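Visitor:
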Amino acid sequence: MSDALTKMLATRDWILADGATGTNLFNMGLQSGDAPELWNVDSPEKIRALYQGPVGAGSDLFLTNTFGGNASRLKLHDAQDRVRELNRAGAELAREVADAADRPVVVAGSVGPTGDIFAPMGTLTHELAVEMFHEQAEGLKEGGADVLWVETISAPEEYRAAAEAARLAGMPWCGTMSFDTAGRTMMGVTSTDMVTLVGKLNDNKPLAFGANCGVGASDLLRTVLGMVAADPDRPVIAKGNAGIPKYVEGHIHYDGTPELMADYAVLARDCGARIIGGCCGTTPEHLAHMRRALEERPRGETPDLAAIEARLGGFSSPTDGTGDDTAAPRERRRGRRART
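Going by full-length UniProt numbering, the letters in the sequence shown line up with residues 1 to 340, in that order.
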């Protein structure tokens, strides 16, 4: 299959993805508890501005405002019957912005978790998860998304369901999981477990896989190192948070400065990641610094854990969950504060 992302991967050593969606929408006035996807129809000018931010900062790929655009999540806002409409609208606005750029830009249709737990602990079944993801995928496809971007997944069952939905929709896809305490997802998946999971998706492997969000950039890069070591042939994605969240004067702020995220981007590239972006707290200002660093700083040797710790701060746990490494956790550096 020939598609925009495959073509870009074939000609580029690295691809700069986008940053945060929620952080930037909150800065535009989104209120806690609101469904961001409704803005695709109700406030299209704000969503165009959201998309224009990373494109203007130099991103080669950006995600649509559809992270919670599945029936289960939208049901919380009595919008479960609007899945196709809201996803199509989000992708159409993204397509407009991408096509107006002066360079190729990939539109990635964001697909987040359902928020439900699989049976027998919960009520979600494989068939129902596939149905929800497929419905969302068809809306994104109709709107012009180049690729499906499955993100922040914790359960292997949900990852497999998303893969099947992408196959049913005839869409290329990428998929990341979120690794939290001790290098594991909420459902206990490690970086090597994910590599094994991807390897068993014989009928529809992702174009790229990796990690997003989690507990910090240091931990995420440790996870990326494990993925690249286990599967050096498939492109790996690194999409880390801009530092650590802090509750300041009633609001959440991330303490990662643009300069820190520039260091992170270069380290991610040197760790072997091919698609590099930010997650929570990452603004267009961060992305512009990341782009400049990736363009101007020469490629270096693969960093070890000590080098990552020295540049980005300490790890949140001694190991990444695989038992193959040891890095003592310590207080993260506080010298670089976000400009909020």
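Just so you know, even glycine gets a beta-carbon here, dropped at the ideal spot from N, CA and C. Keep in mind that this is a model prediction, so the values were computed, not measured.
Distance check for Ala242 and Gly216, CA to CA, integer angstroms please.
Guide: Position 216 of the sequence shown, counted from the start, is the residue given in the question as residue 216. Position 242 of the sequence shown, counted from the start, is the residue given in the question as residue 242. The straight-line gap from Cα to Cα measures roughly 8 Å.
Visitor: Checking the sheet assignment: what are the DSSP bridge partners for Lys239?
Guide: Residue numbering aside, residue 239 sits at position 239 when the sequence shown is read from its first letter. Asn212, Gly277, per the DSSP bridge assignment.
Visitor: DSSP three-state label for Val189, please.
Guide: For the purposes of this step, residue 189 is taken as residue 189 along the sequence shown, with counting starting at 1. It is coil, neither helix nor strand.
Visitor: What is the rounded straight-line gap between the Cα of Asp42 and the Cα of Ala273?
Guide: Counting from one through the sequence shown, the residue named residue 42 turns up at place 42. Counting from one through the sequence shown, the residue named residue 273 turns up at place 273. Cα to Cα, the separation comes out at about 37 Å.
Visitor: What is the C-beta distance between Asn65 and Val83, in whole angstroms, given that I count them as a contact (C-beta under 8 Å)?
Guide: Residue numbering aside, residue 65 sits at position 65 when the sequence shown is read from its first letter. Residue numbering aside, residue 83 sits at position 83 when the sequence shown is read from its first letter. That pair is no contact at about 14 Å.
Visitor: Opposite Pro245 in the DSSP bridges: which residues?
Guide: Here residue 245 is taken as the residue at index 245 of the sequence shown, counted from 1. For Pro245, which the question treats as bridged, DSSP gives the partners Tyr254.
Visitor: Taking the beta strand (DSSP E) that Ser110 falls in, what are its first and last residues?
Guide: The residue you call residue 110 lines up with position 110 of the sequence shown. That run of the beta strand (DSSP E) goes 106 to 111.
Visitor: Please work out which residues of its chain come closer than 6 Å, Cβ to Cβ, to Asp219, disregarding the five sequence neighbours upstream and downstream, and give them in chain order.
Guide: As a working note, residue 219 is residue 219 in the sequence shown. Result list for Asp219: Phe315, Ser316, in chain order.
Visitor: List the whole-angstrom C-beta distance separating Leu9 from Gly58, where the pair is believed to meet the contact cut-off of C-beta under 8 Å.
Guide: Stepping through the sequence shown from its first residue, residue 9 is reached at position 9. Stepping through the sequence shown from its first residue, residue 58 is reached at position 58. Contact doesn't hold; Cβ gap of about 18 Å is too wide.
Visitor: According to DSSP, simplified to helix, strand and coil, what is Met121?
Guide: By one-based count along the sequence shown, residue 121 stands at place 121. Of the three classes helix, strand and coil, the one that applies to Met121 here is coil, per DSSP.
Visitor: If we define contact as Cβ-Cβ less than 8 Å, is Asn65 a contact residue for chain D?
Guide: Structure shown: chain D not included; a single protein chain is present.
Visitor: Excluding the 5 residues preceding and the 5 following Asp270 in the sequence, name in chain order all residues of the same chain whose CB lies nearer than 8 Å to its CB.
Guide: Taking the sequence shown and counting its residues from 1, the one referred to as residue 270 is at position 270. Once the five neighbours on either side are set aside, the close Cβ partners of Asp270 are Arg299, Gly300, Glu301, Thr302, Pro303.
Visitor: Mapping the DSSP letters down to three states, classify Trp14 as helix, strand or coil.
Guide: Indexing the sequence shown from 1 puts residue 14 at position 14. Three-state result, Trp14: coil.
Visitor: Three or more C-beta pairs closer than 8 Å, one from the region 118 to 131 and one from the region 85 to 101: is that the case here?
Guide: no
Visitor: Restricting to Cα atoms, I'd like to know which of Gly22, Thr282, Pro156 is closest to Phe179.
Guide: In the sequence shown, residue 179 corresponds to position 179, counting from 1. Taking only the C-alpha atoms, the option nearest Phe179 is Pro156.
Visitor: On a Cα-Cα basis, can you pick out the residue from Lys205, Asp255, Asp193, Asn204 that is closest to Gly321?
Guide: For the purposes of this step, residue 321 is taken as the residue at position 321 of the sequence shown. Minimum Cα distance to Gly321 is reached at Asp193.
Visitor: Going by beta carbon distance, what residues of the same chain come within less than 8 Å of Asn204, once the five residues before and after it are set aside?
Guide: If you number the sequence shown from 1, residue 204 lands on position 204. Setting aside the 5 residues that flank it on each side, Asn204 is surrounded in the same chain by Ala163, Glu164, Ala166, Arg167, Trp173, each with a C-beta closer than 8 Å to its C-beta; the list follows chain order.
Visitor: My output table needs one value for Asp304: the three-state DSSP class, helix, strand or coil.
Guide: In the sequence shown, the residue the question calls residue 304 occupies position 304. Residue state for Asp304 is assigned as coil, using DSSP reduced to three classes.
Visitor: Provide the residue(s) that pair with Trp173 in DSSP beta bridges, ordered along the chain.
Guide: Position 173 of the sequence shown, counted from the first residue, corresponds to residue 173. Note: Trp173 sits in a beta bridge opposite Leu148.
Visitor: Counting C-beta neighbours from all protein chains within 10 Å, is the total for Gly214 16 or more, i.e. buried, or is it exposed?
Guide: Locating residue 214 in the sequence shown gives position 214, where the first residue counts as 1. It counts as buried.
Visitor: Are the beta-carbon atoms belonging to Leu312 and Tyr264 less than 8 Å from one another?
Guide: Sequence index remark: in the sequence shown, residue 312 carries index 312 (1-based). Sequence index remark: in the sequence shown, residue 264 carries index 264 (1-based). Yes, they are a contact pair.
Visitor: Bridge partners of Ile153, per DSSP?
Guide: The count along the sequence shown starts at 1 and reaches residue 153 at position 153. Ile153 is bridged to Met177.
Visitor: Please classify Asn87: is it buried, with 16 or more other beta-carbons within 10 angstroms of its beta-carbon, or exposed?
Guide: Taking the first residue of the sequence shown as position 1, residue 87 is located at position 87. Burial call: buried.
Visitor: How about Leu148 and Gly109: do their beta carbons lie closer than 8 Å?
Guide: Residue mapping note: residue 148 aligns to position 148 of the sequence shown, counting from 1. Residue mapping note: residue 109 aligns to position 109 of the sequence shown, counting from 1. A contact, by the Cβ cut-off of 8 Å.
Visitor: Quick one: what's got a C-beta closer than 7 Å to Phe133's C-beta in the same chain, skipping five residues either side?
Guide: Translated into positions along the sequence shown, residue 133 becomes position 133. Excluding residues within five positions, the ones whose Cβ falls inside 7 Å are Asn70, Val111, Ala161, Ala162, Ala165.
Visitor: According to DSSP, is Leu225 helix, strand or coil?
Guide: Taking the first residue of the sequence shown as position 1, residue 225 is located at position 225. Leu225 falls in the helix class under three-state DSSP.
Visitor: Distance, Cα to Cα, Val189 vs Ala145?
Guide: Reading the sequence shown from its first residue, position 189 is the one you call residue 189. Reading the sequence shown from its first residue, position 145 is the one you call residue 145. Computed Cα separation, rounded: 29 Å.
Visitor: Mapping DSSP to helix, strand and coil, what is Arg337?
Guide: Sequence index remark: in the sequence shown, residue 337 carries index 337 (1-based). Confidence in Arg337 is poor, its pLDDT being 31 and thus under 50, which makes the residue's placement too unreliable to answer from.
Visitor: Go to Phe62, then tell me how far its beta strand (DSSP E) extends in each direction, as first and last residue.
Guide: If you number the sequence shown from 1, residue 62 lands on position 62. Unbroken beta strand (DSSP E) run through Phe62: 61 to 63.
Visitor: On the three-state DSSP scale, how would you describe Asn87?
Guide: The residue you call residue 87 lines up with position 87 of the sequence shown. The answer is helix: DSSP assigns Asn87 an H, G or I state.
Visitor: Could you compute how far the alpha carbon of Asn24 sits from the alpha carbon of Gly281?
Guide: Stepping through the sequence shown from its first residue, residue 24 is reached at position 24. Stepping through the sequence shown from its first residue, residue 281 is reached at position 281. For Asn24 and Gly281, the distance between alpha carbons rounds to 8 Å.
Visitor: Using beta-carbon positions only, say whether Tyr51 and Val106 come within less than 8 Å of one another.
Guide: On the sequence shown, position 51 is the one that residue 51 refers to. On the sequence shown, position 106 is the one that residue 106 refers to. No, these two residues do not count as a Cβ contact at 8 Å.
Visitor: Please classify Arg332: is it buried, with 16 or more other beta-carbons within 10 angstroms of its beta-carbon, or exposed?
Guide: As a first step, residue 332 must be located in the sequence shown, where it is residue number 332. Unreliable placement is indicated for Arg332, whose pLDDT of 36 sits below 50; no coordinate value is reported for it.
Visitor: Determine the direct distance from the alpha carbon of Asp13 to that of Met121, and round the result to whole angstroms.
Guide: Mapped onto the sequence shown, residue 121 falls at position 121. Mapped onto the sequence shown, residue 13 falls at position 13. Taking the straight line joining both Cα atoms gives about 43 Å.
Visitor: By the three-class DSSP mapping on this structure, what secondary structure does Leu30 have?
Guide: Here residue 30 corresponds to residue number 30 of the sequence shown, with the count starting at 1. It is coil, neither helix nor strand.
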